[in-house]
Amino acid sequence: MKIIVPIKRVVDYNVKVRVRPDGMGVDTANVKMSMNPFDEIAVEEAVRLKEKGTATEIVAVSCGVAACQETLRTALALGADRAVLVQTDTELQPLAVAKLLRAIVEKESPGLVILGKQAIDDDANQTGQMLAALLDWPQATFASKVDIADSKATVKREVDGGLETVEVALPAVITTDLRLNEPRYATLPNIMKAKKKPLETLTPEALGVDVAPRLKTLRVTEPAKRKGGGRVADVKELVAKLRNEAKVLR
Amino acid sequence: MTILVIAEHDNAALKSATLHTIAAAQKLGNDIHVLVAGSGAEAVAIAAAAIPDVAKVLRANAQHLAQPTAENVAAVVLQVVASGNYTHVVAPATSFGKNAAPRIAAKLDVAQISDITGIESPDTFVRPIYAGNAFATVQSSDRIKVITVRTTGFDAVPVTGGNAVIEDVAAPAEITSAKVTGQELTKSERPELTSARVVVSGGRGMASGENFKLLEALADTLHAAIGASRAAVDAGYVPNDYQVGQTGKIVAPDLYVAVGISGAIQHLAGMKDSKVIVAINKDAEAPIFQIADYGLVGDLFEIIPALIAELSS
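Heads up: the protein sequence lines correspond to chains A and B, in order.
Residue 0 is where the first sequence starts when you use numbering that gives the first Met the number 0, and the numbers rise one by one after that.
Residue 0 is where the second sequence starts when you use numbering that gives the first Met the number 0, and the numbers rise one by one after that.
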């Protein structure tokens with residue numbers, strides 16, 4: 000079974016983003032970029048499925064600017080076999096990415112697509128579900144455990160009240176949640192080997208996909224600052240203040 | 000403007016998230032239809048009809064909608080949308096809404112606007128990005144706007160005063176490629192995390208899952224729900240459905256007590272709209288203190304028992 004793992008290049012988890020002075024976005028110049036953490040979990044899960052013999056080939060796919068090649072090389076160093084970059088400078092929104100991925104899926108015919116549940120930049124949480132809808136495939140989102148047997152996937156999903164188990168017929172789309180696995184680090188020999196693995200570059204035009212944004216960003220602003228920093232000396236003062244000043248105790 | 004609200008419920012009662020979602024719908028227009036897709040969810044339809052400003056309740060009843068998959072929820076919604084003149088499809092940004100809404104948007108070939116916290120006009124919305132470190136105001140030019148609503152952004156509507164008609168709609172045939180085969184819901188006598196008036200949360204500083212018993216005692220005293228930081232979940236102290244933050248639940252209670260939580264931006268994203276924040280941490284430099292109304296530096300294992308005693312006195 001072939002697995003496609005879509006990955007996104009995002010501002011690194013540890014970077015504190017700042018709104019640009021023109022108020023039209025956040026400053027991404029000269030900040031560290033990394034693979035979206037949920038996508039790292041997706042790569043790891045695919046690699047484990049290959050190590051178990053369930054998967055035969057892993058194809059990492061990214062959509063975006065030329066620099067996404069670096070992120071794809073990371074996926075290759077973690078164990079993906081080859082990579083595809085759909086290169087464009089156009090701002091890509093989830094629906095456009097889902098359409099690009101559908102085109103790739105139609106070319107590659109994988110048995111499974113596994114990707115992060117959300118990207119930590121736009122926090123949209125849409126791409127996997129949209130891809131499943133466009134392909135008319137079943138979906139298993141927010142996965143915390145994946146078992147594959149007899150051309151179906153049994154997936155434990157993180158839901159608001161606890162866990163839910165779904166069974167989906169393959170091919171299917173799975174999106175990853177935090178507890179699915181702990182991604183490995185790329186080793187130096189694997190990073191060197193990744194440089195020699197194949198990386199194909201395509202364009203939205205070649206795939207016949209219109210990627211024009213549907214949402215127009217009018218402005219981006221800083222959140223309202225919370226006035227904090229108050230201190231209390233001890234438990235007695237804390238309780239007195241909660242009772243008499245904040246009046247939140249009943 | 001005709002707005003379709005997808006109700007979240009458990010076939011017995013509406014989830015409170017639905018009440019916040021209807022509040023957002025009211026800001027979009029006054030022709031609000033609520034879709035109750037379920038199995039034997041008669042009481043839910045009646046409850047939805049009693050909400051002021053709801054014009055119509057659409058009830059789809061089928062066995063396979065008892066614990067519906069995203070595939071089957073989307074199929075019902077798409078059928079309803081095709082038969083009406085809807086300008087907006089609105090769902091709560093809960094695990095239920097997040098699962099189904101993008102399927103609907105993709106099938107309609109429209110963008111989804113996720114997790115909105117504000118509405119400027121029927122086509123312009125405010126939503127957090129980068130874990131709430133920035134807010135984007137976005138305008139949609141699509142003919143139908145598919146939206147998920149961050150429930151803390153809109154006050155719940157009242158549950159009485161309305162008198163909407165209830166109309167039955169036929170449920171489409173079951174899509175069987177996905178099936179819900181089990182549920183392990185966390186059983187708790189405590190209030191639900193996202194709607195509790197008081198939340199007590201623990202972080203890495205709790206040092207073990209066993210120590211969360213201490214927080215349970217505090218939560219009992221305060222009639223609070225229990226939450227946790229991602230660090231505590233990652234460390235295996237508590238299950239993931241306790242998680243408050245960018246990738247967990249978003250809460251805005253009257254009182255939020257953060258215990259042994261350093262205050263990573265991903266956690267703050269989930270709780271910084273709380274009315275009053277108390278932070279208890281041994282590290283005086285922890286970032287949580289910058290947003291706390293009342294910070295108390297010290298050993299939580301001494302402070303929490305003392306706090307319980309003081310609150311009970």
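Built from N, CA and C at the ideal position, the CB exists for glycine as well.
CB of residue i within 8 Å of CB of residue j, strictly
i: residue 6 of chain A; j: residue 64 of chain A; result: no
i: residue 36 of chain B; j: residue 4 of chain B; result: no
i: residue 0 of chain B; j: residue 63 of chain B; result: no
i: residue 301 of chain B; j: residue 235 of chain A; result: no
i: residue 69 of chain B; j: residue 168 of chain B; result: no
i: residue 330 of chain B; j: residue 27 of chain B; result: Only positions 0 to 312 of chain B appear in the structure, and residue 330 of chain B is not among them; the question remains open.
i: residue 214 of chain B; j: residue 197 of chain B; result: no
i: residue 129 of chain A; j: residue 99 of chain A; result: no
i: residue 269 of chain B; j: residue 230 of chain B; result: no
i: residue 170 of chain B; j: residue 61 of chain B; result: yes
i: residue 6 of chain B; j: residue 153 of chain B; result: no
i: residue 129 of chain B; j: residue 30 of chain A; result: no
i: residue 193 of chain B; j: residue 250 of chain B; result: yes
Residue i versus residue j - alpha carbon distance
i: residue 137 of chain B; j: residue 213 of chain A; result: 10 Å
i: residue 143 of chain A; j: residue 45 of chain A; result: 14 Å
i: residue 90 of chain A; j: residue 211 of chain A; result: 8 Å
i: residue 241 of chain B; j: residue 161 of chain A; result: 9 Å
i: residue 80 of chain B; j: residue 90 of chain B; result: 14 Å
i: residue 248 of chain A; j: residue 218 of chain B; result: 13 Å
i: residue 103 of chain A; j: residue 20 of chain B; result: 36 Å
i: residue 204 of chain B; j: residue 281 of chain B; result: 9 Å
i: residue 120 of chain A; j: residue 258 of chain B; result: 28 Å
i: residue 106 of chain B; j: residue 73 of chain B; result: 9 Å
i: residue 3 of chain A; j: residue 60 of chain A; result: 7 Å
i: residue 82 of chain B; j: residue 103 of chain B; result: 15 Å
i: residue 210 of chain B; j: residue 256 of chain B; result: 16 Å
i: residue 57 of chain A; j: residue 137 of chain A; result: 20 Å
i: residue 36 of chain A; j: residue 166 of chain B; result: 45 Å
i: residue 296 of chain B; j: residue 52 of chain A; result: 52 Å
i: residue 145 of chain B; j: residue 216 of chain B; result: 42 Å
i: residue 62 of chain A; j: residue 40 of chain B; result: 43 Å
i: residue 139 of chain A; j: residue 72 of chain A; result: 27 Å
i: residue 111 of chain A; j: residue 110 of chain B; result: 24 Å
i: residue 250 of chain A; j: residue 54 of chain B; result: With chain A running from 0 to 249 in the structure shown, residue 250 of chain A is simply not present.
i: residue 85 of chain B; j: residue 275 of chain B; result: 39 Å
i: residue 190 of chain B; j: residue 16 of chain B; result: 14 Å
Close beta carbons around residue i, own chain, < 6 Å, minus the five adjacent residues each side
i: residue 239 of chain B; result: 232
i: residue 157 of chain A; result: 141, 143, 176
i: residue 245 of chain A; result: none
i: residue 173 of chain B; result: 63
i: residue 78 of chain A; result: 46
Nearest-angstrom Cβ-Cβ length linking residue i and residue j, presumed shorter than 8 Å
i: residue 222 of chain B; j: residue 243 of chain B; result: No, residue 222 of chain B and residue 243 of chain B are not in contact; Cβ-Cβ is about 18 Å, not under 8 Å.
i: residue 114 of chain B; j: residue 127 of chain B; result: 6 Å
i: residue 167 of chain A; j: residue 152 of chain A; result: 5 Å
Chain E within 8 Å of residue i, Cβ atoms only
i: residue 102 of chain B; result: As a matter of chain content, chain E is missing from the structure shown, whose protein chains are A and B.
Proximal residues to residue i (C-beta, below 7 Å), its chain only, five neighbours per side dropped
i: residue 189 of chain A; result: 76
i: residue 27 of chain A; result: 10
i: residue 220 of chain B; result: 307, 310, 311
Spatial neighbours of residue i in its chain, beta-carbon cut-off 8 Å, leaving aside the 5 residues before and after
i: residue 289 of chain B; result: 262
i: residue 207 of chain A; result: 102
**OP:** Say whether the region 81-89 of chain A touches the region 182-201 of chain A, bearing in mind that this needs 3 or more beta-carbon pairs closer than 8 Å, one atom from each stretch.
**Re:** Touching, yes, given that three or more Cβ pairs across the two stretches are closer than 8 Å.
**OP:** Specify whether the region 117-127 of chain A and the region 94-104 of chain B touch according to this definition: at least 3 beta carbon pairs, one from each stretch, less than 8 Å apart.
**Re:** Counting Cβ pairs under 8 Å, three or more are found: they touch.
Original post:
When the Cβ atoms of the region 156-174 of chain B are set against those of the region 45-61 of chain B, are three or more pairs found closer than 8 Å?
Top reply: Counting Cβ pairs under 8 Å, three or more are found: they touch.
Original post:
Just checking, does the region 12-19 of chain B make contact with the region 110-125 of chain B on the three C-beta pairs under 8 Å criterion?
Top reply: With a cut-off of 8 Å, the region 110-125 of chain B and the region 12-19 of chain B do not count as touching, because too few Cβ pairs lie within range.
Subject >> At least three beta-carbon pairs within less than 8 Å, the region 130-146 of chain B to the region 219-236 of chain A >> reply: Result yes; three or more Cβ-Cβ pairs closer than 8 Å.
Original post:
Three or more C-beta pairs closer than 8 Å, one from the region 229-243 of chain A and one from the region 291-300 of chain B: is that the case here?
Top reply: Yes: the two stretches touch, three or more of their Cβ pairs being nearer than 8 Å.
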